[in-house]
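Visitor:
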């Protein structure tokens, strides 16, 4: 029994590409891009003015979100201030307890 022949033929990728022929362009060419219709100066000014004005719906949405944010901020602020007061009371109690322990120990 003979050994199997496991050699593979090498194909030059550049030569294979040339043999296939020219590539078919898909999509617009540079010439198409350069010759595309462009807006006039007046149309461009109008577009810029529209962008500056913005949409009324967007402005309403932003106002609504600002109101919600302010309400939420106030709620969190009240919560945090309440926590600070509770913490203050707790620390005052702890100080009093320490003083009492010192007094008891020293007597």
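Numbering (the numbering used here), first residue to last: 236 to 342.
Glycine included, every Cβ here is placed at the ideal spot set by N, Cα and C.
When the distance is taken between beta carbons, is residue 266 closer than 9 Å to residue 274?
Guide: Contact: no.
Visitor: Reducing DSSP to helix, strand and coil, say where residue 250 ends up.
Guide: Helix, per DSSP.
Visitor: Pull up the distance between the alpha-carbon of residue 323 and that of residue 337, whole angstroms please.
Guide: If I take the Cα positions, the gap works out to 21 Å.
Visitor: Rounded to whole angstroms, what's the CA-CA distance from residue 328 to residue 316? Just pull it up for me.
Guide: C-alpha separation (whole angstroms): 19 Å.
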